[in-house]
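These notes are about the structure you will find just below.
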Amino acid sequence: MSDSSTRSSSTTTSSSAAAPRARGVDRVIALCEQLHLHRQPMTPKALMEATGAPRSSVYELINLLSEAGWLETESDGRVFFGRAMHYFGLDYADHNDLLKRARPVMRELSARYDETTQLCMLDGDKYTVMLNENGARPFRISSEVGVKVPIPWTASGRVLLGGMSRETMLGLVPDEDFMLPDGERIDIDGFIAEIELTQQRGYALTEGLVDSFACCMAVPIHEGADRARATLCFTIGRDADESRRETLIGALREASFMLSNTD
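Heads up, the sequence shown is in numbering that gives the first Met the number 0, so the first residue is 0 and it goes up one at a time.
Shown next, in the form of structure tokens:
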């Protein structure tokens with residue numbers, strides 16, 4: 000056998016051996032994503048149906064991940080994230096410079112204005128809340144940390160897509176994400192115009208998109224001269240008067256300036 004044939008055979012064998020490992024990793028990711036989307040313990044059967052993985056693979060992964068502390072099994076047989084995942088999340092929060100700097104700033108904003116403050120980012124083709132600090136008001140409007148929401152439904156989405164071409168934006172945002180929960184469709188041309196307006200005035204404000212009682216305001220947090228890395232947000236009641244809105248937007252802009260790194 001020639002050297003080239005030997006190399007080809009070795010490459011084929013190596014690729015074949017790697018394929019099962021890759022599929023195994025994909026199944027771990029899919030299992031964790033389903034638990035995150037469900038946000039509560041799931042039965043092995045439900046995980047099989049959600050991921051499409053074989054019964055034997057799901058049970059094997061549950062056993063392996065439980066031994067590692069990634070999963071824990073409830074008394075009724077349902078499984079959910081284990082304490083090791085909690086430690087990993089804390090490690091990420093402690094390591095991420097923006098999250099470390101943002102938390103005390105957000106606490107101060109919530110304490111001063113009695114509103115829930117959030118730090119938000121893009122997660123693939125969706126928007127998600129990374130940090131949340133509740134205000135003192137008994138009635139609060141906010142999204143949960145880690146829940147993925149269609150970008151066009153949010154004020155933050157209009158900030159985070161700033162500077163993106165129409166083609167790139169339409170390639171990122173799934174067409175179905177322009178449909179609101181009530182069945183109304185967001186006009187794409189109007190959405191792009193709102194993104195451009197947001198860039199001009201330095202903040203986004205939306206009313207009644209998902210919650211008819213909510214007014215959402217978001218400002219960019221920049222990293223260098225690139226597009227916004229994250230947003231700082233308030234979600235308030237629509238009954239807030241113009242003076243209150245201006246005060247809150249001003250507070251967000253001042254705080255985001257401190258958190259931005261534009262060097």
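Cβ coordinates follow ideal geometry from the N, Cα and C atoms, glycine included.
query, result
"For F79 versus L34, is the C-beta spacing smaller than 8 Å?", "yes"
"Going by Cα to Cα distance, which pick from P43, T42, A229, T50 is closest to E32?", "T50"
"Go ahead and pull the three-state DSSP assignment for T5.", "With a pLDDT of 42 at T5, under the threshold of 50, the predicted position of this residue should be treated as unreliable, though the coordinate-derived value follows. In this structure, T5 counts as helix in the three-state DSSP scheme."
"Considering only DSSP beta bridges, list what D264 is partnered with.", "This structure cannot speak to residue 264, because the chain is shown only from 0 to 262."
"Return the CA-CA distance between S109 and A250, expressed in angstroms with no decimal places.", "11 Å"
"Do L247 and M216 have their C-beta atoms within less than 8 Å of each other?", "yes"
"Could you give the residue range of the beta strand (DSSP E) that holds T72?", "70-72"
"Going by DSSP, name the residue or residues bridged to I220.", "A229"
"Output needed for S56: all residues of its chain with C-beta closer than 7 Å, excluding positions within five of it in sequence on either side, in chain order.", "R26"
"Mind checking which residues open and close the alpha helix (DSSP H) that includes F212?", "Element bounds for F212: n/a, residue is neither H nor E."
"If we ignore side chains and look at the alpha-carbon of each, how far apart do A192 and D124 end up?", "20 Å"
"Rounded to whole angstroms, what's the CA-CA distance from I187 to P149? Just pull it up for me.", "14 Å"
"Tell me which residues share the same chain as T42 and place their Cβ nearer than 7 Å to its Cβ, disregarding the 5 neighbours each side in the sequence.", "G76, R77"
"In the DSSP assignment, find the unbroken beta strand (DSSP E) run with F256 in it and report its ends.", "Element bounds for F256: not the beta strand (DSSP E) but the alpha helix (DSSP H), 241-258."
"Can you list, in chain order, the stretches of the beta strand (DSSP E) that have 3 or more residues and sit fully within the region 54-96?", "70-72, 78-80"
"Taking the alpha helix (DSSP H) that S155 belongs to, which residues open and close that run?", "154-159"
"Does the beta-carbon distance from I194 to L160 come in below 8 Å?", "yes"
"What is the DSSP secondary structure of I185, reduced to helix, strand or coil?", "coil"
"For the alpha helix (DSSP H) containing L169, name the first residue and the last one.", "165-171"
"For Q117, write down the residues that DSSP places opposite it in a beta bridge.", "N131, C232"
"Secondary structure at V144, three-state DSSP: helix, strand or coil?", "strand"
"In its own chain, which residues sit with a C-beta less than 6 Å from the C-beta of F233, not counting the 5 before and 5 after it?", "E114, M216, L247"
"Which of helix, strand or coil does DSSP assign to A52?", "coil"
"Compute the Euclidean distance between the alpha carbons of R252 and E183, then round it to the nearest angstrom.", "31 Å"
"Would you grab the beta carbon distance between P219 and A227 for me? Rounded to a whole angstrom, and I think it's under 8 Å.", "3 Å"
"Taking the C-alpha atoms as reference points, what is the distance between D181 and D210?", "10 Å"
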